[in-house]
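Numbering (UniProt numbering), first residue to last: 6 to 269. Where is the CB? At the ideal position from N, CA and C, for every residue including glycine.
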Amino acid sequence: KIRRTTVPEIAARKGGEPIVSLTSYHAHTAAIVDKYADFILVGDSLGMVMHGMESTVGVPLDLMIMHGKAVVRGTEKALIVVDMPFGTYEESPAVAFRNAAKIMKETGCGAVKLEGGKRMAETIHFLVERGIPVMAHIGLTPQSSHVMGGFKTQGRDEAGWDALIEDAVAVAEAGAFSVVVEGVVEPLAVKITKACPIPTIGIGASAECDGQILVLEDMLGLNEWTPKFVKVYGDLGPAIERAVSEYADDVKTRAFPTEKEVYK
Ligand code: KIV
Ligand code: NA
6 KIRRTTVPEI AARKGGEPIV SLTSYHAHTA AIVDKYADFI LVGDSLGMVM HGMESTVGVP
66 LDLMIMHGKA VVRGTEKALI VVDMPFGTYE ESPAVAFRNA AKIMKETGCG AVKLEGGKRM
126 AETIHFLVER GIPVMAHIGL TPQSSHVMGG FKTQGRDEAG WDALIEDAVA VAEAGAFSVV
186 VEGVVEPLAV KITKACPIPT IGIGASAECD GQILVLEDML GLNEWTPKFV KVYGDLGPAI
246 ERAVSEYADD VKTRAFPTEK EVYK
């Protein structure tokens, strides 16, 4: 039986072979990603990517659990990490524990992720001490986009660098096994990676991070617009459009179904 990558195995990759990760929200894409990724994140980006929301703020816990279950079912090898959605962990460590435990029990995932640095350290410690592995997420934290005034690259002003480095160190000291560093200027991502004793997972960060993550649909070319930090490896949007338009033509001209596709 194939064994899943464990949390300590990810933590041990600090400074080692780069950690490969992607998001996935469904059993079928997760099964493909599972062949290559060390961990798969069921990101709350699914609210925007899959459900057309304008931000991740409106993502409900039940939706994360539903997609988390699908990804766990579709995979056998990667560690599955599920995002805690906005409003399910910020209030107190006890609330965070209750919701993180619900996610873990109902999905079978191996860890949760939550946004915030120093301010979430106490909560991270509380969860880890009680058996819930936590991946932290600092820099551009989309759930705080209303406070930040949008999705803004962090660290453009060097005066803010120390606070972001302190965030990374604080989540590590609190017991997080890894930290996503999103949307920060490259030299700051390098400094964070050097200062932080746990693996940094970059997105819009630096190749010097201990690993990288991208939103699968972004790198597959499924969105009309992609941010600068995304490298588009696939061409699925145009491929899907070609297929759908051909099908539409075939239906209208009765070219589908043919002899091959009907029961005689
Ligand atoms: O929700 C998400 O997809 C994420 C990644 C971009 C890190 O948090
Ligand atoms: Na997220």
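Subject >> Straight-line Cα distance separating GLN217 from GLU22 >> reply: 11 angstroms
Original post:
For ligand 2, is there a heavy atom less than 7 angstroms away from the beta-carbon of PRO147?
Top reply: yes
**OP:** Determine the DSSP secondary structure at ILE206, reduced to helix, strand or coil.
**Re:** strand
**OP:** Per DSSP, which residues does PHE44 bridge with? Please list them.
**Re:** SER26 and LEU84
**OP:** Given a cut-off of 8 angstroms, decide if VAL195 and GLU213 are closer than it, judged by their beta-carbon atoms.
**Re:** yes
Original post:
Can you give the Cα-Cα distance for ALA210 and ASP255, rounded to whole angstroms?
Top reply: 46 angstroms
**OP:** Enumerate, from N- to C-terminal direction, the unbroken alpha helix (DSSP H) stretches of 4 or more residues contained entirely within the stretch 182–227.
**Re:** 191–200 and 221–224
**OP:** Determine the DSSP secondary structure at HIS151, reduced to helix, strand or coil.
**Re:** helix
**OP:** Please list, in chain order, all residues with a C-beta atom less than 5 angstroms from at least one heavy atom of ligand 2.
**Re:** GLY48, ASP49 and ASP88
Subject >> Distance cut-off 7 angstroms: HIS72 Cβ against heavy atoms of ligand 1 >> reply: no
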